[in-house]
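**Student:** After the structure tokens below, expect a handful of questions from me.
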Amino acid sequence: MANATDIKWIKSVTRDEGAEWAYTEFSTGDIFPLNFSKNKKWYPTNYIKAQPGELMVLFQSLLPAGNREEGWYITHLVTPINRLIRRDGIPSHPYTRDVLVVGTPTIPYQVNKAIWSFFKCNRGQICTIETIEKRNQPGLAIVQKQNYVWHAFDNLLPDTDNAIDFVVSPTMEDDETFMEGAERAVLRTHKFYERDPKAIKKAKTLAKKENRLFCEACSFNFSTVYPELGDDFIECHHRQPIAIGGMRRTTVQDLAIVCSNCHRMLHRKYRGRYLLVDELKQLFFS
258 MANATDIKWI
268 KSVTRDEGAE
278 WAYTEFSTGD
288 IFPLNFSKNK
298 KWYPTNYIKA
308 QPGELMVLFQ
318 SLLPAGNREE
328 GWYITHLVTP
338 INRLIRRDGI
348 PSHPYTRDVL
358 VVGTPTIPYQ
368 VNKAIWSFFK
378 CNRGQICTIE
388 TIEKRNQPGL
398 AIVQKQNYVW
408 HAFDNLLPDT
418 DNAIDFVVSP
428 TMEDDETFME
438 GAERAVLRTH
448 KFYERDPKAI
458 KKAKTLAKKE
468 NRLFCEACSF
478 NFSTVYPELG
488 DDFIECHHRQ
498 PIAIGGMRRT
508 TVQDLAIVCS
518 NCHRMLHRKY
528 RGRYLLVDEL
538 KQLFFS
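The sequence shown begins at 258 in our numbering and counts up one residue at a time.
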């Protein structure tokens, strides 16, 4: 399990200049594109400071609305899942990095402004966690700052270590060895999305209910070949390669049920491109 000392960074986020919550539609275990501004002073050097596996706190400065008080609110604990910077269509914040939500508060955690100051890190760029200050205690140790923000998060990803190990792993599989860096990062992100425990559990449950817990490409059934040991075992693969469809939130409909061998073949290029599941099926039975 990750701990407070793993928190290295902090970043302010905003929506509608503080009138609305930003990213609260994403919860623990989700992956989403985190936006960055077009500020030329920060791009790209600042936006790649946080490395995959390093934890970053997201907070936002909000205007009063209804029962909500004006102030700083801590909303997410995230880690980048690759080193890619993308562009999207938001004019003011055109750059994005894909991040995994490692933790969230049950309700957004309001910072006590009388005790703590987030002023120096309230600029939109990635700042070190040292940037936050405790008023009247200028020499406060970093670990005390880390502990303060850590205790805001009571909904933590149970398998944080496994998730982080995957995104920072230096080990390349066969299908990654001869790829350029950007392409390799896209493939690793693709594989990371395929490990989404929420989507995988739903896909397997539905497949079992519909009596199709076998490979869609070659019809291999783990339960039949390995009685009891192979019960309920299967893997999942995106039906459409991310290189074609782009990064997106994984749904049950996105995932094909495949065996381990076919899954590896789907991640290998065949005549310059990745095969769809139906294409691999045709190749297998040809």
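For every residue, glycine included, the Cβ atom is placed at its ideal position computed from N, Cα and C.
Measure how close the beta-carbons of S374 and K295 come, nearest whole angstrom, since I'm counting them as under 8 Å.
**Tutor:** Actually they do not touch by this definition, with Cβ atoms about 27 Å apart.
**Student:** Can you tell me whether G328 is helix, strand or coil according to DSSP?
**Tutor:** Note: G328 maps to strand in three-state DSSP.
**Student:** Could you tell me the distance, in whole angstroms, from the CA atom of S269 to the CA atom of L291?
**Tutor:** The straight-line gap from Cα to Cα measures roughly 11 Å.
**Student:** Rounded to a whole number of angstroms, what is the C-alpha to C-alpha distance between I386 and Q403?
**Tutor:** If I take the Cα positions, the gap works out to 7 Å.
**Student:** Give the DSSP bridge partners of Y352, in chain order.
**Tutor:** Per DSSP, F293, R344.
**Student:** State yes or no: is the C-beta of G328 within less than 7 Å of the C-beta of Q382?
**Tutor:** No, the pair does not count as a contact, with Cβ atoms beyond the cut-off.
**Student:** For F316, does the three-state DSSP call read helix, strand or coil?
**Tutor:** Reduced to three states, the DSSP call for F316 is strand.
**Student:** Restricting to runs no shorter than 4 residues, where is the alpha helix (DSSP H) found entirely within the stretch 385 to 409?
**Tutor:** If we require 4 residues or more, the alpha helix (DSSP H) runs fully inside the stretch 385 to 409 come out as 399 to 407.
**Student:** For P321, is the classification buried or exposed, using 16 other Cβ atoms within 10 angstroms of its Cβ as the cut-off for buried?
**Tutor:** Label assigned to P321: exposed.
**Student:** Exposed or buried, which one is E473 when buried takes at least 16 other CB atoms within 10 Å?
**Tutor:** It counts as buried.
**Student:** Where W208 and R354 are concerned, what is the direct C-alpha to C-alpha distance, given to the nearest angstrom?
**Tutor:** With the chain covering only 258 through 543, there is no way to say anything about residue 208.
**Student:** Going by DSSP in three states, D431 sits in which element: helix, strand or coil?
**Tutor:** Annotation note: pLDDT 42 at D431 (below 50); position unreliable, no value reported.
**Student:** Can you round the beta-carbon distance between Y352 and I342 to whole angstroms, since I take them to be within the 8 Å contact cut?
**Tutor:** Rounded, the Cβ-Cβ distance is 5 Å, consistent with contact.
**Student:** Near V356, what residues of its chain come up, given a Cβ to Cβ distance below 6 Å and the 5 sequence neighbours on each side ignored?
**Tutor:** Counting only Cβ-Cβ distances below 6 Å, and skipping sequence neighbours, we find L291, V335, P337.
**Student:** Strictly by DSSP, which residues pair up with R272?
**Tutor:** Bridge partners of R272: E277.
**Student:** Which residues mark the beginning and the end of the alpha helix (DSSP H) in which L537 is found?
**Tutor:** Start and end: 534 to 541.
**Student:** From S517, V482, K461, pick the residue whose C-alpha is nearest to that of Q510; which is it?
**Tutor:** Comparing Cα positions, the closest option is K461.
**Student:** Suppose the cutoff is 6 Å on Cβ atoms and the five residues either side in sequence are ignored; what does the same chain contact list for A464 look like?
**Tutor:** Cβ neighbours of A464 beyond the five flanking positions: L470, I514.
**Student:** Where does the unbroken alpha helix (DSSP H) through H495 begin, and where does it stop?
**Tutor:** That residue, H495, is in no alpha helix (DSSP H); its beta strand (DSSP E) goes 492 to 495.
**Student:** How is R521 classed by DSSP in three states: helix, strand or coil?
**Tutor:** Note: R521 maps to helix in three-state DSSP.
**Student:** Go ahead and pull the three-state DSSP assignment for N412.
**Tutor:** N412 falls in the strand class under three-state DSSP.
**Student:** Within its chain, find whatever has a CB closer than 7 Å to the CB of E486; leave out the 5 residues flanking it on each side and keep chain order.
**Tutor:** According to the sequence displayed, residue 486 carries Leu and not Glu. Same-chain partners within the cutoff: there are none.
**Student:** Given that a residue counts as buried once 16 or more other Cβ atoms are within 10 Å of its Cβ, and exposed if not, what is E492?
**Tutor:** Buried is the call here.
**Student:** Answer with buried or exposed for I364, where buried requires no fewer than 16 other C-beta atoms within 10 angstroms of its C-beta.
**Tutor:** It is exposed - the Cβ of I364 has fewer than 16 other Cβ atoms within 10 Å.
**Student:** Anyone know if the C-beta pair for T302 and L315 falls short of 7 Å?
**Tutor:** The answer is no: Cβ separation not under 7 Å.
**Student:** Rounded to a whole number of angstroms, what is the C-alpha to C-alpha distance between V359 and R392?
**Tutor:** Spanning the two alpha carbons is a distance of roughly 28 Å.
**Student:** Kindly indicate the opening and closing residues of the beta strand (DSSP E) around V368.
**Tutor:** V368 -> no beta strand (DSSP E), and no H or E assigned at all.
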